[in-house]
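In my numbering, the protein residues as written are 183 to 327.
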């Protein structure tokens with residue numbers, strides 16, 4: 183599975199060993215994420231100096247799509263003033279922003295919105311799964327690389 187959090191959920195694909203890719207079908211995205219009918223989950227992500235929380239909920243049952251959309255939405259937010267002040271490498275963030283807006287063929291309006299959380303990841307935007315947080319029951323840790 184290849185999910186680059188720069189791109190919307192409809193761009194998630196299977197990546198085969200020969201680097202061929204096939205877009206994930208809606209039916210796959212709509213599969214339940216858990217064998218039990220879980221309706222709420224919390225995901226944390228830490229990349230110094232940032233520590234972000236992503237809440238996922240679906241009153242019926244959390245699907246894979248719900249998790250991916252929550253992750254994408256969280257990183258698609260503009261950086262707050264406080265987050266901007268804590269950026270360790272503004273030049274690298276600017277480079278990530280420039281590349282993101284070029285790759286996405288972003289409009290002038292999108293570019294005018296400025297840096298987003300995804301830009302602060304400095305190209306570490308590939309989903310490497312979720313792991314259970316051993317220190318907090320029911321909490322998951324997002325792994326990006």
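For glycine and all other residues, C-beta sits at the position ideal for the given N, C-alpha and C.
This one's a predicted model, so the numbers in the text were calculated from it and none came from an experiment.
Apart from the 5 residues on each side of it in sequence, residue 310 sits with its Cβ closer than 7 angstroms to the Cβ of 325, 326 and 327 in its chain, given in chain order. Bounds of any beta strand (DSSP E) do not take in residue 264; it lies within the alpha helix (DSSP H) bounded by 263-268.
Contact between residue 213 and residue 246 holds, with the beta-carbon distance rounding to 5 angstroms and staying under 8 angstroms.
About 16 angstroms separates the CB atoms of residue 323 and residue 250; that is not less than 8 angstroms, and the two are not in contact.
In the three-state scheme derived from DSSP, where H, G and I count as helix and E and B as strand, residue 249 is classed as helix.
The beta carbon of residue 296 sits closer than 8 angstroms to those of 260, 261 and 279, all from its chain and outside the five residues before and after it, given in chain order.
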